[in-house]
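Trainee: What follows is a single structure, and I will ask about it in a moment.
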Amino acid sequence: MDRQELERVLSETFDDAGAAGVVARQAGDMADGGQFDADFGGELTVETVVENLHDAPDEYALAERWNWWLGALDLSHGGYARFSVRPDVGRQS
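Residue numbers for the sequence shown follow the numbering used here, beginning at 6 and rising by one.
Here it is, written out as structure tokens:
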């Protein structure tokens, strides 16, 4: 998976440049680990990530959407929680 492309698409789609880089990095790590490929019989793509993040509740920010999807993956297959991100990622302290 192209992490830079995913970061760009996430930033544009969800208007959250602060979290896009972190989510893209975690998605890339998840893709590199091969578990998604093994569990679902196909490569993790930018399109797959974006489609699944669109399924999250509308009021969720990007990091929350990512964690929501990972929660579902972890519940159904296990081993995905390690790719979650802090919900406050991208916010200024």
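All C-beta atoms in this analysis are idealised placements derived from N, C-alpha and C, irrespective of residue type, glycine included.
1) Cα-Cα, which of GLU10, MET6, PHE19 and LEU11 is closest to ALA61?
2) Compare the Cα-Cα distances from ALA29 to each of SER81, ALA68, TYR85 and GLY84 and report the closest residue.
3) Could you give the C-beta distance for LEU15 and MET35, rounded to a whole number, given that I count them as a contact under 8 Å?
4) How would you label PHE88, buried or exposed, when you count the other beta carbons within 10 angstroms and need 16 or more for buried?
5) Pop quiz: TRP71 and LEU58 are said to be a contact at Cβ under 8 Å. What is the actual Cβ separation, rounded to whole angstroms?
6) Here's the rule: buried if 16 or more other CB atoms are within 10 angstroms of the residue's CB, otherwise exposed. What is ASP41?
7) Would you report the Cα separation of VAL90 and PHE45, rounded to the nearest angstrom?
8) Would you mind stating whether TRP73 and TYR65 have Cβ atoms separated by less than 8 Å?
Mentor: Reading from the atomic positions:
1) PHE19
2) ALA68
3) That belief does not hold up - the Cβ atoms of LEU15 and MET35 are roughly 14 Å apart, past 8 Å.
4) buried
5) 7 Å
6) Correcting the residue identity first, residue 41 is Phe in this sequence and not Asp. PHE41 is buried by the Cβ-count criterion.
7) 22 Å
8) yes
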